[in-house]
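Working notes, structure below.
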Amino acid sequence: MKKMKKLKKLSLENEMKKEAEQIEKKVREDRSLDDITVSDEMEKELFNKIQDYEYDKRHKKSSAKRRKASL
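Count along the sequence shown starting at 1, add 186, and that's the number in the working numbering.
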């Protein structure tokens with residue numbers, strides 16, 4: 187059962203990576219986006235959201251490990 191879950195998770199991660207690569211390629215190739223600029227405030231906000239996401243991800247992982255250990 188665990189192995190099946192792990193394989194499903196890896197499959198989803200691979201699928202997400204492929205989608206992200208396709209989106210990045212489309213954005214790079216779209217010349218209408220060449221002149222778009224990002225303000226410092228927007229960059230800070232994005233950085234903060236990424237940090238929050240990574241914190242949540244680590245927190246959920248450690249919570250799951252604690253629950254497993256207590257069983």
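Cβ coordinates follow ideal geometry from the N, Cα and C atoms, glycine included.
Judged by DSSP secondary structure, Ile-209 falls within the alpha helix (DSSP H) whose first and last residues are 188-215.
CA-CA distance, Lys-230 to Met-190, rounds to 39 angstroms. For Asp-221, the secondary structure class from DSSP, reduced to helix, strand or coil, is coil.
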